[in-house]
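Student: Supplied in structure tokens, the structure appears directly below.
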Amino acid sequence: MQNQITVIVGTQWGDEGKGKITDLLAQNMDYVVRFQGGNNAGHTVVVDDKTYKFHLLPSGIISKRATNIIGNGVVVDPKVLLQELDELKQNGITPQLLVSQRAHVIMPYHIAMDEALSGHQGALAAGSTKRGIAPVFADKVYRHGIRVGDLIDPEIFYEKLQKAYQFNVGIIEKVFNLKFDRAFETIYHEYLGYGEKLRQYICDTEYELYQAYTFGQKILFEGAQGMSLDPDHGMYPHGTSSNNVAGYCEVGSGLGSNTCKRIIGIVKSYVSRVGNSPFPTELTNDTGNFIREKGVEYGTTTGRPRRIGWLDLVQIRQSVRTSGLTDIALTKLDVLAGLEEIKVCVAYKINGRIVTEMPASLTAMRNVIPVYDTLRGWTEFTTSIKERVRTGGYTQLPEEIKNYINFIEKNTNCPVKFISFGADRNETLIR
């Protein structure tokens, strides 16, 4: 029986290849929904040799079939959203997009606050993208946040903005002793203008999804970032500000469902990380540099070089457990091609004790010694090998890759159903 609802989540620190798998599956979906995060996460989609990079738009936006939704759990920078929409239109794509009226809006003072906080937190900083994400979520909880629907309601927007502006600018100037030079009236009129440009997309997306679900339409939820950045289950405080485990798809979309979901965890065949935190399998040698350059591991949002490490199955096991994964999609196998041997972390050694689950203690994580198994590497994916795999399927993969896949399945108790060996949509094998 085919699942009506599919959820895609990252299992590591983000940048696992969620955009590619979302784009692939979106071809057969009626709705593609983002349910958390903001423009702090980048998604890359390659279709017909054309590369698209999104920060707010769902990766299904290229699909001619799917309606794309930015859900209430997403925080929206309207300026960034309008830029991405304009870029699509310049490429001849008419976006099928709906934006939740309940999604919160990133304001200029949130970005200024983010800059101030990053300097204040020192070694405990998360490596913020400085896009205003944490401050906008804080305003949401403080109950003076601005929502997308407010941008097309001048009276309530003015009333809310007065309180939020006073609160945030007061902290920036009086606590951090920094100057904020954007005037209240300037911001008010600028963001009313954004609201008018976005008016055609703003609606009750929660009810839209409920109707779609009721009528049996297929819905794909696209997560951003990865499990290790989750504020509850990740490596706190070195994480993000919104929950990115699969269960949050209902909160961040407003669609509560009692149906059995297909939950796909995206696993990059190695690990990358932007920002601070303990990184048990980090490679600071030539192998790490080789993987970074071959995999073009630079942040989509920041351009920062990513830290690189071997695949960590302790991390993946936690993702299987916390998100209830039914399948794994294994990506970027082509990047590891050419290495004679590949190490995989199967456990941690902490103060002489072997640990197979991710500890909550930051002190423990700082003292981790990774326990590795070593597997044989594989040769480059030539054009002929790729063609054989596309036509002949799983049996045509090199034996070393099949051993790698079997090893992952055995150590995570989760089947690898998607195998990606290149950037393009058609360089993916579905078992």
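Residues 1 to 431 in the working numbering are what the sequence shown lists, from first letter to last.
Cβ atoms here follow ideal geometry from the backbone N, Cα and C, with glycine treated the same way.
Helix, strand or coil, according to DSSP, for Arg102 in the structure here?
Tutor: Arg102 falls in the coil class under three-state DSSP.
Student: Which residues in the same chain as Ile405 place their Cβ atom closer than 6 Å to its Cβ, once the five residues preceding and following it in sequence are excluded?
Tutor: Counting only Cβ-Cβ distances below 6 Å, and skipping sequence neighbours, we find Val416.
Student: Sorted by chain position, which residues of the same chain lie with C-beta nearer than 7 Å to Asp286's C-beta, five sequence neighbours on each side aside?
Tutor: Result list for Asp286: empty, nothing under 7 Å.
Student: If you reduce the DSSP assignment to three classes, tell me which class Asp48 lands in.
Tutor: Asp48: coil per DSSP, three-state reduction.
Student: So Trp310 and Val344 are in contact, right, with Cβ under 8 Å, and what is the actual spacing, rounded?
Tutor: Their Cβ separation, rounded to whole angstroms, is 6 Å, which keeps Trp310 and Val344 in contact under 8 Å.
Student: Between which residues of its own chain and Tyr194 is the CB-CB distance below 8 Å, once the five residues before and five after are set aside?
Tutor: Only Pro78, Lys79, Leu82 and Leu151 meet the Cβ criterion.
Student: Please classify Asn426: is it buried, with 16 or more other beta-carbons within 10 angstroms of its beta-carbon, or exposed?
Tutor: Classification for Asn426: exposed.
Student: By Cβ distance below 6 Å, which residues in the same chain neighbour Gly19 in space, the five residues on each side in sequence not counted?
Tutor: The residues are His43, Thr44, Val45 and Ser59.
Student: By Cβ distance below 7 Å, which residues in the same chain neighbour Tyr158 in space, the five residues on each side in sequence not counted?
Tutor: Result list for Tyr158: Tyr188, in chain order.
Student: Which residues in the same chain as Thr240 place their Cβ atom closer than 6 Å to its Cβ, once the five residues preceding and following it in sequence are excluded?
Tutor: Taken in chain order, the residues that qualify are Gln225 and Leu229.
Student: Under 8 Å: do the region 94-103 and the region 62-79 share three or more Cβ pairs, one atom per stretch?
Tutor: In short, these stretches touch, since the Cβ pair count reaches three.
Student: How about Tyr483 and Ile308: do their beta carbons lie closer than 9 Å?
Tutor: Since the first and last residues shown for the chain are 1 and 431, residue 483 lies out of range.
Student: To the nearest angstrom, how far is it from the Cα of Met1 to the Cα of Cys260?
Tutor: Annotation note: pLDDT 49 at Met1 (below 50); position unreliable, coordinate value reported separately. If I take the Cα positions, the gap works out to 10 Å.
Student: Among residues of its own chain, excluding the 5 on either side of Glu16, which ones have a beta-carbon nearer than 7 Å to its beta-carbon?
Tutor: For Glu16, where only same-chain residues beyond five positions count, the Cβ hits under 7 Å are Gly10, Gly226, Ile266, Val267, Lys268 and Thr331.
Student: Taking the C-alpha atoms as reference points, what is the distance between Ile5 and Glu115?
Tutor: Answer to the nearest angstrom: the Cα atoms are 38 Å apart.
Student: Please report the distance separating the alpha-carbon of Lys53 from that of Phe421.
Tutor: Their Cα atoms are separated by approximately 19 Å.
Student: Pick out the complete alpha helix (DSSP H) segments inside the region 364-414, 4 residues or longer, and give them in chain order.
Tutor: Runs found: 383-392 and 399-412.
Student: Specify whether the region 209-220 and the region 133-143 touch according to this definition: at least 3 beta carbon pairs, one from each stretch, less than 8 Å apart.
Tutor: The region 209-220, when compared against the region 133-143, does not touch it at the 8 Å Cβ threshold.
Student: Beta carbon of Ile385, beta carbon of Asn367: below 9 Å?
Tutor: Taking 9 Å as the Cβ cut-off, Ile385 and Asn367 do not qualify as a contacting pair.
Student: With Phe184 as the anchor, note down where its alpha helix (DSSP H) starts and where it stops.
Tutor: Note, Phe184: alpha helix (DSSP H), Phe184 to Leu198.
Student: Distance, Cα to Cα, Asn411 vs Lys163?
Tutor: Cα-Cα distance, rounded: 52 Å.
Student: Can you give me the C-alpha to C-alpha distance between Glu297 and Phe279, rounded to a whole angstrom?
Tutor: Distance between the alpha carbons of Glu297 and Phe279 is about 16 Å.
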